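J.: My questions will all concern the structure given below.
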Ligand SMILES: [Fe+2]
Ligand SMILES: [Fe+2]
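In my numbering, the protein residues as written are 838 to 981.
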């Protein structure tokens, strides 16, 4: 099989996004722990675990293609000074992920690459759900 450079680019870009997300959610989890907000600390820790699962799947795909995973463009960590700010920053991160995965799904569909289309689509659905959860948490925090 011919090496598809654009596909590898999407896989590595996505890996970079996931690495950044893990770093951000884990840091927010630790910060919430310090603020005495155990519920949110747990929530962010779960988020970091989900993003780790995405990163593992992307790495599996790269390794199966015979490519060493090389995450590119790891987004910088943004914490926020309040819980409300944190959730807004996280929504932005998830928006960026959704845009990237939508583009990757479209590309694979055009290439008739069903295997990688399914992989990107599965992660895209997780990120859409994640955004929904952040929206709900955000409205709860605003209402409190
Ligand atoms: Fe993710
Ligand atoms: Fe996510």
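The C-beta atom is built at its ideal place from N, Cα and C for all residues, glycine as well.
Owing to the predicted nature of the structure, the values given are computational and were not obtained by experimental measurement.
Between which two residues does the alpha helix (DSSP H) harbouring residue 900 extend?
T.: Taken as a continuous stretch (DSSP letters only), the alpha helix (DSSP H) holding residue 900 covers 875-901.
J.: If we ignore side chains and look at the alpha-carbon of each, how far apart do residue 1030 and residue 947 end up?
T.: Beyond the ends of the chain as shown, which are 838 and 981, falls residue 1030; an answer cannot be given.
J.: Is there a Cβ from chain C that is less than 7 Å from the Cβ of residue 874?
T.: This model lacks chain C altogether; it includes just one protein chain.
J.: Under a Cβ-count criterion, where at least 16 other Cβ atoms within 10 Å of its own Cβ denotes burial, should residue 932 be classed as buried or exposed?
T.: Label assigned to residue 932: exposed.
J.: Quick test of your reading: residue 862 and residue 941, contact by CB under 8 Å. State the CB separation rounded to the nearest angstrom.
T.: Not confirmed; about 21 Å, so no contact.
J.: Going by DSSP in three states, residue 919 sits in which element: helix, strand or coil?
T.: Coil at residue 919, not helix or strand.
J.: For residue 855, verify whether its CB is less than 6 Å away from any heavy atom of ligand 1.
T.: Indeed, a heavy atom of ligand 1 lies less than 6 Å from the Cβ.
J.: Are there any heavy atoms of ligand 1 lying less than 6 Å away from the beta-carbon of residue 966, as far as the coordinates show?
T.: Residue 966 Cβ: outside cutoff for every heavy atom of ligand 1.
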